[in-house]
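For reference, the structure is listed below as structure tokens.
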Amino acid sequence: MEKITSKAEFQVAIQSPRLTVAVFKADWCVDCKFMDPFMPDVEEKFANDMTLVEVDVDKVGDVSQELNILGIPSFVAFTDGRELVRYVNKLRKSREEIEHFLQQALDVYQSIHK
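In the UniProt record's numbering, the protein residues as written are 1 to 114.
Here it is as structure tokens:
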């Protein structure tokens, strides 16, 4: 997963016509670390359909504030600079919940790009 380290990088990433999912997290977040072991497999599973980027809320805090990301880990799907759908809360997320959200994001994306 590409790590976004500035607001400018974030803006470039979400402007893509490809489905891009921003994963908001932080080094100190225990629930974020819970995802680390399985996220590479999840990313690989969806690699043909979307790009996942990691946004550290401490390093790129203004982006998370502007998007009203109040809890982490959180996921927000974009295409062409527009937000499509989000999975934002402060609860730990299981692999199944994350995959369900990514599939939902893909379904929304495909419904607009027919």
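The C-beta atom is built at its ideal place from N, Cα and C for all residues, glycine as well. Remember, it's a predicted structure, so these values are computed and weren't measured experimentally.
Candidates the options: which alpha carbon is nearest residue i's?
i, options, result
"residue 27", "16, 38 and 58", "58"
"residue 106", "20, 14 and 9", "20"
"residue 90", "44, 110 and 30", "30"
"residue 109", "98, 83 and 99", "83"
"residue 41", "72, 96 and 80", "96"
"residue 101", "43, 81, 67 and 5", "43"
"residue 23", "35, 66, 80 and 81", "35"
"residue 80", "67, 66 and 17", "17"
Look at residue i and residue j and say whether their C-beta atoms are less than 8 Å apart.
i, j, result
"residue 54", "residue 93", "no"
"residue 75", "residue 87", "yes"
"residue 1", "residue 52", "yes"
"residue 85", "residue 10", "no"
"residue 72", "residue 32", "yes"
From residue i to residue j, what does the alpha carbon distance come to, in whole angstroms?
i, j, result
"residue 49", "residue 113", "12 Å"
"residue 7", "residue 46", "25 Å"
"residue 63", "residue 111", "27 Å"
"residue 104", "residue 98", "10 Å"
"residue 38", "residue 56", "18 Å"
"residue 12", "residue 67", "16 Å"
For this session: Output the residue ranges of the beta strand (DSSP E) runs that lie fully inside the UniProt domain "Thioredoxin" (1-107) and measure 3 residues or longer, sorted by chain position.
Result: The beta strand (DSSP E) runs of length 3 or more contained entirely in the UniProt domain "Thioredoxin" (1-107) are, from start to end of the chain, 2-4, 20-25, 51-56, 74-79 and 82-87.
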